[in-house]
Amino acid sequence: MPRTCTIYRRAQFAASHRYWLPELSEAENLARFGPNARFPGHGHNYVLEVGMSGEVDDYGMVLNLSDVKQVIRQRVIQDLNFAYLNQAWPEFAQTLPTTEFIAYAIWQRLAEALPLTSVRLYEDPELWADYRGEAMQAYLTVATHFSAAHRLALDHLSFEENSAIYGLCARPHGHGHNYGLEITVKGSIHPRTGMIVDLAALQQVIDEWVVKPLDHTFLNKDIPYFAQVVPTAENIALYIQRLLTLPIRELGVQLHRVRLQESPNNSSEVYGEFPLEELLNPSAGILQGVAPPASGSPIATQR
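For the sequence shown, counting from 1, position 210 maps to 208 in this note's numbering; every step adds exactly one.
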């Protein structure tokens, strides 16, 4: 019986890039891309993770990783390491070398030589893109955090009964966490800007709808939703999915994943959008049970 497995190979390169469209004026580029439009550009220490799948051979390998290393080095790293990306590959002259488009371009360079399943490119530890061979669709992840307290208990149960279910988390005065949050969106890469979404606008949505309202709160008491719903990591992730589905749609992309890291040992993930039929109040046309944040001023894309 064939045995299949997915393996990953990691590589790194340091490079610079600039977000600048010659058909726009300097003022227009600065308004659109913010500091990223400044001459002569800025740099990152990129981390690349290449996923490959296949049958495990008699030597216990899908591929010889020494061979994989050489393919990645010859087809990607030697061109991009210590390069000015806008001039490194011909495709970057037409499409800006954003994280998501670089991941797409790397896939195209490797696809003939390796049985790819994914290309993930980290621009920094809090921003990365995934490409999986799905035409021009890519995934962009933003990582952030907030601190909050909660208590796990059901009102209709006694302290002893809640303790039997939730253990120490049922103690009456609650406890806190430094929550790690990852939000992944999916969309089509723009053929000119190389972006699936305005990153600054995405970060603003996450900040205004999730981080600011939840940070330094006692969830059970400060967030009306959790007066009736036990704020477990699972329920918080679902609540964040509920909060972000429509605002992210308004940016022209879709929510793909919410990952909430409650502690080093506990995390929760939900995929896809919150059901739209449950989000809209037909009579008012607004998000049920959630007050929208005060609108902030537009900010330029920053990476």
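Even for Gly, the Cβ is constructed at its ideal location relative to N, Cα and C.
Could you pull out every residue in the same chain whose Cβ sits closer than 6 Å to the Cβ of SER161, ignoring the five residues on either side in sequence? ALA168
Span of the beta strand (DSSP E) holding SER261? It is not in any beta strand (DSSP E) - SER261 carries neither H nor E in the DSSP assignment.
So if DSSP puts THR215 in a beta bridge, which residue, or which two residues, is it bridged to? ALA146
With which residues is ALA141 paired in a DSSP beta bridge? GLU180
Could you tell me the boundaries of the alpha helix (DSSP H) in which PHE326 lies? With the chain represented from -1 up to 301, any question about residue 326 goes unanswered, as that position is not in the structure.
DSSP beta-bridge partners for ILE5? MET50
Just tell me which of LEU112, GLY250 and ARG118 has its CA closest to the CA of VAL60. LEU112
Can you pull the DSSP bridge partners for ARG255? THR182 and TYR269
In three-state DSSP terms, what is ARG169? coil
Cα separation between ARG240 and TYR120? 27 Å
Alpha-carbon to alpha-carbon, VAL74 and GLU159: 58 Å
My assumption, with CB atoms under 8 Å, is that ALA9 sits in contact with ILE100. Please give the rounded CB distance. ALA9 to ILE100, Cβ: 13 Å. No contact.
Between which two residues does the beta strand (DSSP E) harbouring ALA127 extend? 125 to 129
Please classify PHE11: does DSSP put it in a helix, a strand, or coil? strand
Integer Cβ distance of TYR318 from ALA35, believed to fall under 8 Å: Lying outside -1 to 301, the shown extent of the chain, residue 318 is not represented and no answer is given.
Backbone CA spacing between ILE238 and HIS171 [nearest angstrom]: 24 Å
My understanding is that VAL183 touches LEU253, with C-beta atoms under 8 Å, so please give their C-beta distance in whole angstroms. 6 Å
Does DSSP put ALA136 in a helix, a strand or coil? strand
Over what stretch of residues does the alpha helix (DSSP H) that includes VAL117 continue unbroken? Taken as a continuous stretch (DSSP letters only), VAL117 belongs to no alpha helix (DSSP H), being part of the beta strand (DSSP E) at 114 to 122.
Below 8 Å, how does it come out for the stretch 251 to 271 and the stretch 230 to 237: are there three or more Cβ pairs, yes or no? yes
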